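Engineer: To convert, take the position in the sequence shown, counting from 1, and add 16; that gives this note's numbering. Glycine included, C-beta positions come from ideal geometry on N, C-alpha and C. Remember, predicted model here, so these are calculated numbers, not experimental data. One structure coming up, written as structure tokens, with questions to follow.
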Amino acid sequence: MIATYNRVDSLVDAVESALDQRYRPIEVVVVSNSTDRTREDKLFSDGGRLDRHDVQYYHFAERMGAPGAKNAAIERASGDIIVQMDDDAVLADDTATDEVLRLFDSYDDVGILAFQSLDYYSGDVKVDETPDPPEFHIEPDEQFRTTSFIGMGTAFRREVFEKAGLYPDNFVYGFEEMDLSIRVLDAGYDILYTPSVAVYHKKTPEGRLSDKETKERLVENRINIAVRNLPWRYVLFTTVIYSVYVVLLTRSLSSLVNVFRRLYEKRDRLRAERNVVDRETIKRIKSSQTMLFLWWYGPHPKRILGRNGNLGRLKWEL
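What follows is the structure, given as structure tokens:
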């Protein structure tokens, strides 16, 4: 499944890399929110380059945001295994689907496979798009179990969505994968990072939010995650820390105002969606020293300041 927004050239590459897979039968579901439909319509209409029986194309005029578009694709896909790709990513080889099925067959407790991300132009591993390993010495070319995934290339068992729910469609942009990860872990599944399945990721600038709004949305969604899934003490500390952080990051008090305005506007929905995960789930995430520290939802300090830490995470590699 591929959610797309105004990236028609990259979309062609993404869809064709899926169609080039050796495994059959295969189904490619494309959900578009694009504002300029002219070229997309030509691609998918009768006689178009992507006019195929195994390609389903849906366009929604209303702006759904990335999580909403992904949910629409999940609901329209028919398979028991769902592979998700960004519209500016391509599968690294034509055996990726076979490897996905092999891994799910080998690990009954794994609900999500997180693919390796390679820079489309250099071929280098994108460390900023690699989930945190449970041990600091583990490298991105090793397979490991983790507590989150990044959405440029991922595979799911359909049953994961049936038990843990879909993406939070009110996130608009950023960290919807982390919210889903917490709920998937709480449902009893594991997440497996596997370098044996990889995508080349272009990280195309078209279709992205402005830099300032991106930072605001990321901070807003960190707080959203805490409200939706964690005890109130985590909500309090996460809100305080990220309130300071967004002002430092954007150098603008208006960003803090924007974050709290949007949180206030959806307060009723957030309260209705609040479903605190089990204490054992929190303990499990904390034990890996990834995204929970004391009463704060965010990267463990060792991930930033430790011997093998990455100071670049202070800016989320934006």
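Just to confirm before moving on: does the CB-CB distance between D125 and S304 stay below 9 angstroms?
Structural biologist: For D125 and S304, no; Cβs fall outside 9 angstroms.
Engineer: Would you kindly work out how many angstroms separate the C-alpha atoms of H316 and T254, rounded to a whole number?
Structural biologist: Taking the straight line from one Cα to the other gives about 13 angstroms.
Engineer: So, helix, strand or coil for A171, using DSSP?
Structural biologist: In this structure, A171 counts as strand in the three-state DSSP scheme.
Engineer: Fully enclosed by the segment 104-132, which alpha helix (DSSP H) runs are 4 residues long or longer?
Structural biologist: The segment 104-132 contains these whole alpha helix (DSSP H) runs: 112-122.
Engineer: Looking at C-beta atoms only, is the number of pairs between the segment 263-283 and the segment 202-211 that lie closer than 8 angstroms three or more?
Structural biologist: In short, these stretches do not touch, since the Cβ pair count stays below three.
Engineer: Between A214 and F120, is the Cβ-Cβ spacing less than 9 angstroms?
Structural biologist: No. Outside cutoff.
Engineer: So, are the CB atoms of R174 and G95 less than 9 angstroms apart?
Structural biologist: Cβ atoms of R174 and G95: closer than 9 angstroms.
Engineer: Ordered along the chain, which non-local residues of its own chain (more than five positions away) have a Cβ less than 6 angstroms from that of D157?
Structural biologist: Within the same chain, D157 has close Cβ partners P211.
Engineer: I'd like the span of the alpha helix (DSSP H) that includes I249, first residue to last.
Structural biologist: The question names Ile, but residue 249 in the sequence shown is Arg. R249 -> alpha helix (DSSP H) spans 248-266.
Engineer: Quick check on the burial criterion: 16 or more other C-beta atoms within 10 angstroms. Buried or exposed for F340?
Structural biologist: This structure does not reach residue 340, given that the chain is present from 17 up to 334, and the question cannot be answered.
Engineer: Note down, in chain order, each residue of its chain lying with its Cβ closer than 8 angstroms to the Cβ of I97, except the 5 sequence neighbours on either side.
Structural biologist: The residues are V116, L117, F120, A171, F172, R173, R174.
Engineer: Following the continuous beta strand (DSSP E) through I98, name the residue where it begins and the one where it ends.
Structural biologist: 97-102 is the extent of the beta strand (DSSP E) around I98.
Engineer: Could you tell me if F60 is buried or exposed, where buried requires 16 or more neighbouring beta carbons within 10 angstroms of its beta carbon?
Structural biologist: F60 is buried by the Cβ-count criterion.
Engineer: Threshold first: 3 residues or longer. Then list the beta strand (DSSP E) segments lying entirely within the segment 191-240, N to C.
Structural biologist: Runs found: 206-217.
Engineer: Over the uninterrupted alpha helix (DSSP H) stretch that includes T297, give me the two end residues.
Structural biologist: Note, T297: alpha helix (DSSP H), 295-303.
Engineer: With 16 as the cutoff for other CB atoms within 10 Å, does T306 come out buried or exposed?
Structural biologist: Result: buried.
Engineer: Taking the alpha-carbon of D142 as reference, which of P150, E151, E155 has the nearest alpha-carbon?
Structural biologist: First, the residue type needs correcting, since residue 142 is Lys and not Asp in the sequence shown. Minimum Cα distance to K142 is reached at E155.
Engineer: I'd like to confirm the pairing. Which residues does DSSP put opposite V141 in its beta bridges?
Structural biologist: L134, per the DSSP bridge assignment.
Engineer: DSSP puts W312 in a beta bridge; with which residues?
Structural biologist: In the DSSP output, where bridge partners are listed per residue, W312 has F309.
Engineer: So what's A19 in DSSP terms, helix, strand or just coil?
Structural biologist: Of the three classes helix, strand and coil, the one that applies to A19 here is strand, per DSSP.
Engineer: Exposed or buried, K312, counting other C-beta atoms within 10 Å across all chains shown (16 or more means buried)?
Structural biologist: For the sequence presented, residue 312 should be read as Trp rather than Lys. W312 should be labelled buried.
Engineer: So, helix, strand or coil for Y183, using DSSP?
Structural biologist: In this structure, Y183 counts as coil in the three-state DSSP scheme.
Engineer: Anyone know if the C-beta pair for Y183 and D114 falls short of 9 angstroms?
Structural biologist: Not in contact: Y183 and D114 (Cβ atoms no closer than 9 angstroms).
Engineer: State the DSSP-derived secondary structure class of F60, mapped to helix, strand or coil.
Structural biologist: Helix.
Engineer: What is the residue span of the beta strand (DSSP E) that R161 lies within?
Structural biologist: Per DSSP, R161 belongs to the beta strand (DSSP E) from 160-162.
Engineer: Alpha carbon to alpha carbon, how far is E333 from E296?
Structural biologist: Here the model assigns E333 a pLDDT of 36, short of 50, so the residue's position is not dependable and the matter cannot be decided.
Engineer: Taking V275 as part of the alpha helix (DSSP H), name the residues at either end of that continuous run.
Structural biologist: 269-281 is the extent of the alpha helix (DSSP H) around V275.
Engineer: Just list the residues that DSSP pairs Q37 with in beta bridges.
Structural biologist: DSSP lists no partner for Q37.
Engineer: Buried or exposed: D103, going by 16 or more other Cβ atoms within 10 Å of its Cβ?
Structural biologist: Classification for D103: buried.
Engineer: Sort T51, I239, E32 by Cα distance to I42 and report the nearest one.
Structural biologist: Cα-wise, what sits closest to I42 is E32.
Engineer: Between V28 and V176, what straight-line distance do the alpha-carbon atoms span, to the nearest angstrom?
Structural biologist: The straight-line gap from Cα to Cα measures roughly 29 angstroms.
Engineer: Please return the same chain residues whose Cβ sits closer than 6 angstroms to the Cβ of Y250, not counting the five positions on each side in sequence.
Structural biologist: The answer, listed in chain order, is A242, W311, Y313.
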